[in-house]
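A.B. asks: Structure below; questions to follow.
Numbering (this note's numbering), first residue to last: 1 to 141.
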């Protein structure tokens with residue numbers, strides 16, 4: 001858990017799933033544009049909804065959107081900047097069992113490429129949607 005603050009009237013806390021949903025998932029939807037995704041904090045849930053509406057077979061987003069864990073079903077694939085929060089607040093402090101690897105975000109870069117976050121040194125980058133990377137779901141409340 002960590003506190004984003006509630007200045008915008010939205011969620012206050014972000015809960016990170018205790019384990020990875022995948023260690024080798026594609027983002028999917030290669031060649032399909034997902035209009036409206038954002039890389040900002042607070043955008044992950046909407047991004048995931050946009051991905052699922054425009055490409056229902058999307059592997060990474062689907063793993064999160066269809067997750068039922070701890071009695072909760074409101075999980076989503078975090079945005080690029082939400083992944084940065086996870087890196088800064090959990091990974092660098094050795095919390096959460098996050099791999100020193102790349103994790104997909106729900107932020108699209110363009111129709112063939114999506115943002116991911118490197119937990120090696122804490123930098124965002126992007127990769128082809130057909131490549132495979134780690135997936136970790138979050139939920140906001």
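Beta carbons are placed, not taken as given, at the ideal position from N, Cα and C, and that holds for glycine.
Every value quoted in this text rests on a predicted model; they were computed, and no experiment measured them.
Given this structure, state the Cα-to-Cα distance separating residue 48 from residue 101, to the nearest angstrom.
C.D. replies: 21 Å
A.B. asks: Any contact of the region 110 to 124 with the region 12 to 23, i.e. 3+ C-beta pairs under 8 Å?
C.D. replies: no
A.B. asks: Let's see if you can read the secondary structure: which residues bound the beta strand (DSSP E) around residue 158?
C.D. replies: Outside the displayed range of the chain (1 to 141) lies residue 158, so it cannot be described from this structure.
A.B. asks: If you draw a straight line from the C-alpha of residue 27 to the C-alpha of residue 63, how long is it?
C.D. replies: 10 Å
A.B. asks: I want to check one thing, is the minimum distance from the CB of residue 49 to the heavy atoms of the ligand GDP below 7 Å?
C.D. replies: Ligands displayed in this structure: none; no statement on the ligand GDP is therefore possible.
A.B. asks: Check for me: the alpha helix (DSSP H) holding residue 60 runs from which residue to which?
C.D. replies: 59 to 65
A.B. asks: Could you spell out where the beta strand (DSSP E) holding residue 90 opens and where it closes?
C.D. replies: Here residue 90 belongs to no beta strand (DSSP E), and DSSP marks it neither H nor E.
A.B. asks: Which whole-angstrom value describes the C-beta separation of residue 122 and residue 82, a residue pair presumed to lie in contact below a C-beta threshold of 8 Å?
C.D. replies: So it is not a contact: roughly 14 Å between Cβ atoms.
A.B. asks: Tell whether a beta-carbon distance below 8 Å holds between residue 177 and residue 67.
C.D. replies: Residue 177 is absent from the model: the chain starts at 1 and stops at 141.
A.B. asks: Whose CA, out of 23, 106, 141, 42, lies closest to the CA of residue 55?
C.D. replies: It is 106 whose Cα lies nearest to the Cα of residue 55.
A.B. asks: Which of the three DSSP states, helix, strand or coil, is assigned to residue 130?
C.D. replies: Coil at residue 130, not helix or strand.
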